[in-house]
Amino acid sequence: MTASLGLAMIVRDEAQDLPRCLASVQDVVDQVVIVDTGSRDQTIEIAQAWGAEVICSPWQNDFGQARNISLQAIQTDWILVLDADEALVPEIKPRIQASIQQDNLIAIMLLRHEVGVIPPYSAVSRLFRRHPDIYFNRPYHETVDDAVLALVHKEPHWQIGQLEGVAIEHWGYTGAQLQKRDKTTQAIVIMADYFATHPDDAYICCKLGGMYLQTGQGELAQATLQQGLKIKNPEAPVTYELHYHLGNYYGQMGDQAQAIQHYQAAIHQEIPPITKISAHIRLAQAWSQQKKYSQAIQAYETILQIAPEVPLAWQNLGVIYLKLGQIQTSLSYFRQAIDCLKMTDPPEAQRLQTELAAMGFPLS
180 MTASLGLAMI VRDEAQDLPR CLASVQDVVD QVVIVDTGSR DQTIEIAQAW GAEVICSPWQ
240 NDFGQARNIS LQAIQTDWIL VLDADEALVP EIKPRIQASI QQDNLIAIML LRHEVGVIPP
300 YSAVSRLFRR HPDIYFNRPY HETVDDAVLA LVHKEPHWQI GQLEGVAIEH WGYTGAQLQK
360 RDKTTQAIVI MADYFATHPD DAYICCKLGG MYLQTGQGEL AQATLQQGLK IKNPEAPVTY
420 ELHYHLGNYY GQMGDQAQAI QHYQAAIHQE IPPITKISAH IRLAQAWSQQ KKYSQAIQAY
480 ETILQIAPEV PLAWQNLGVI YLKLGQIQTS LSYFRQAIDC LKMTDPPEAQ RLQTELAAMG
540 FPLS
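Using my numbering, the first residue of the sequence shown is number 180, and each one after it goes up by one.
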């Protein structure tokens with residue numbers, strides 16, 4: 180018997196983004212459940228027009244609680260979780276449909292592309308079996324990870340799978356989107372309140388510490404992140420993120436040596452290589468700050484081995500070789516950067532090309 184798949188979402192005022200999200204899954208899901216937490220635009224009407232079951236639930240300042248309402252209404256064998264500012268990549272659909280037929284899998288990790296930001300990729304647990312013991316935990320940066328791991332420990336026959344290739348495109352971390360939704364302020368308020376009663380949650384330490392750093396609260400960021408590192412046995416992705424944010428903190432403070440140590444510790448974690456690109460980028464930038472260009476070149480080359488589509492690596496290699504006086508090598512890297520940018524950010528490709536021409540390096 181073929182396993183069925185349902186989509187579970189929570190939304191509020193998502194009329195602009197919701198159609199793109201729902202269009203991306205219409206030929207792969209058997210049920211759509213959307214929990215609306217108080218929309219004042221046309222979100223509900225749009226969801227219903229696409230055939231979704233809409234549940235109106237007052238906002239309780241808890242994303243996990245709202246997501247669990249959506250899980251309770253799903254009747255399919257498997258559940259896919261998306262936000263309105265995300266879309267399923269067409270090429271991944273056959274692999275999802277094949278993977279959910281495997282009897283031994285309880286959850287499947289998906290690779291998400293964060294459009295226009297660094298880190299450009301993250302692994303997310305958004306595809307899992309409908310099971311009474313699988314639910315979301317935490318009020319912000321909510322996840323089913325803890326529940327899934329507890330179930331695997333309790334019933335060892337279950338396995339966690341992972342699909343290769345990008346499965347989800349996420350455009351909600353662009354500057355305009357963050358400003359529109361005031362996500363950072365909302366996140367800090369919710370997570371700080373949760374952290375006050377859960378000081379031993381390393382996951383919250385890394386997320387809250389990162390938010391503190393993003394909003395210029397460096398001392399709070401350092402203290403929160405260091406507290407996370409003191410907690411015993413956090414998962415590798417959490418340890419990675421703690422070190423990554425601490426590297427960013429020390430980099431901002433001008434202590435490149437400490438920053439390098441933390442970036443290297445982050446890279447050492449056993450997580451998918453593509454999710455470590457941001458640490459490689461920051462490491463390369465720190466080496467460049469110290470004028471240790473051979474180490475910086477090696478770090479950027481590592482990035483290109485993992486993901487040759489990252490234009491920043493090509494561009495910064497061009498900058499380094501230009502500083503070293505190796506003009507032709509530099510221009511070859513700039514050409515690669517421009518080719519990548521033409522596919523993802525044409526205005527930036529044109530800007531780089533114009534800037535190089537103004538420097539006396541026209542690239543046709």
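C-beta atoms are modelled at their ideal positions from N, C-alpha and C, and glycine is treated no differently.
Looking only at its chain, what residues have a beta carbon closer than 6 Å to the beta carbon of residue i, apart from the 5 residues adjacent to it on each side?
| i | result |
| --- | --- |
| Ala445 | Tyr419, His422, Tyr423, Ala458 |
| Leu235 | Sequence inspection shows Cys at residue 235; the Leu mentioned does not correspond to that position. Around Cys235: Asp215. |
| Glu527 | Leu520 |
| Phe374 | Ile383, Leu387 |
| Lys272 | Val207 |
| Ala381 | Gly407, Ile410, Pro413, Val417 |
Between which residues of its own chain and residue i is the CB-CB distance below 8 Å, once the five residues before and five after are set aside?
| i | result |
| --- | --- |
| Gly397 | Tyr391, Tyr428, Gln431, Met432 |
| Gln221 | Ala194 |
| Gln174 | The chain is shown from 180 up to 543; residue 174 falls before or after that span and cannot be answered. |
Between which two residues does the alpha helix (DSSP H) holding residue i run?
| i | result |
| --- | --- |
| Trp493 | 490-502 |
| Gln341 | Looking at the DSSP string, Gln341 is not in any alpha helix (DSSP H); the run it does join, the beta strand (DSSP E), is 338-349. |
| Arg274 | 272-278 |
| Tyr442 | 435-446 |
| Glu534 | 525-537 |
| Ala463 | 456-468 |
Where does residue i fall in DSSP's three states?
| i | result |
| --- | --- |
| Arg219 | coil |
| Ile253 | coil |
| Val368 | helix |
| Val204 | coil |
| Gln393 | helix |
| Thr363 | helix |
| Ala478 | helix |
| His424 | helix |
| His332 | helix |
| His292 | strand |
| Gln484 | helix |
| Lys284 | The sequence given here places Leu at residue 284; Lys does not occur at that position. Note: Leu284 maps to strand in three-state DSSP. |
| Leu520 | helix |
| Asn316 | strand |
| Gln406 | helix |
| Ala194 | coil |
| Pro214 | One detail in the question is off: residue 214 reads as Val in this sequence, not Pro. DSSP places Val214 in strand when its eight states are reduced to three. |
| Thr376 | helix |
| Leu387 | helix |
| Ala187 | strand |
Beta carbon of residue i, beta carbon of residue j: below 8 Å?
| i | j | result |
| --- | --- | --- |
| Gln254 | Gly185 | yes |
| Leu520 | Leu531 | yes |
| Val207 | His292 | no |
| Val327 | Ile285 | yes |
| His377 | Glu265 | no |
| Ile499 | Ile482 | no |
| Ile456 | Ile485 | yes |
| Val323 | Phe315 | yes |
| Tyr479 | Ala463 | yes |
| Ala415 | Ile450 | yes |
| Gln468 | Gln435 | yes |
| Leu535 | Tyr512 | no |
| Thr403 | Gln280 | no |
| Ile313 | Leu330 | yes |
| Asn283 | His336 | yes |
| Val417 | Ile347 | no |
| Leu501 | Ile517 | no |
| Ile287 | Leu261 | no |
| Thr454 | Ser301 | yes |
| Ala245 | Leu197 | no |
| Val489 | Pro299 | yes |
Below 7 Å CB to CB, which residues in the same chain sit around residue i once its five sequence neighbours on both sides are set aside?
| i | result |
| --- | --- |
| Arg309 | Ile253, Thr255, Asp256, Trp257, Ile258 |
| Asp192 | Ser218, Arg219, Asp220, Thr222 |
| Arg274 | Leu342 |
| Gly243 | Phe315, Asn316, Arg317, Pro318, Glu321 |
| Asn240 | Pro318, Ile369 |
Would you give the residue range spanned by the beta strand (DSSP E) that residue i belongs to?
| i | result |
| --- | --- |
| Ser301 | 300-308 |
| Ile234 | 232-235 |
| Leu261 | Unbroken run through Leu261: none, as it is neither H nor E. |
Check whether the region 234-253 touches the region 204-213, taking contact to mean three or more Cβ pairs, one atom from each stretch, closer than 8 Å.
-> Judged by Cβ distances under 8 Å, the region 234-253 makes contact with the region 204-213, as three or more pairs qualify.
Counting pairs of Cβ atoms below 8 Å between the region 402-409 and the region 377-393, do you hit three or more?
-> The answer is yes - the region 377-393 touches the region 402-409, with three or more Cβ pairs under 8 Å.
At a cut of 8 Å, does the region 225-234 reach the region 194-201 through at least three beta carbon pairs?
-> Flag = yes, the region 225-234 and the region 194-201 touch.
Cβ pair count under 8 Å reaching 3, the region 363-381 against the region 309-323 | Taking a cut-off of 8 Å on C-beta distances, the region 363-381 touches the region 309-323, as three or more cross pairs fall below it.
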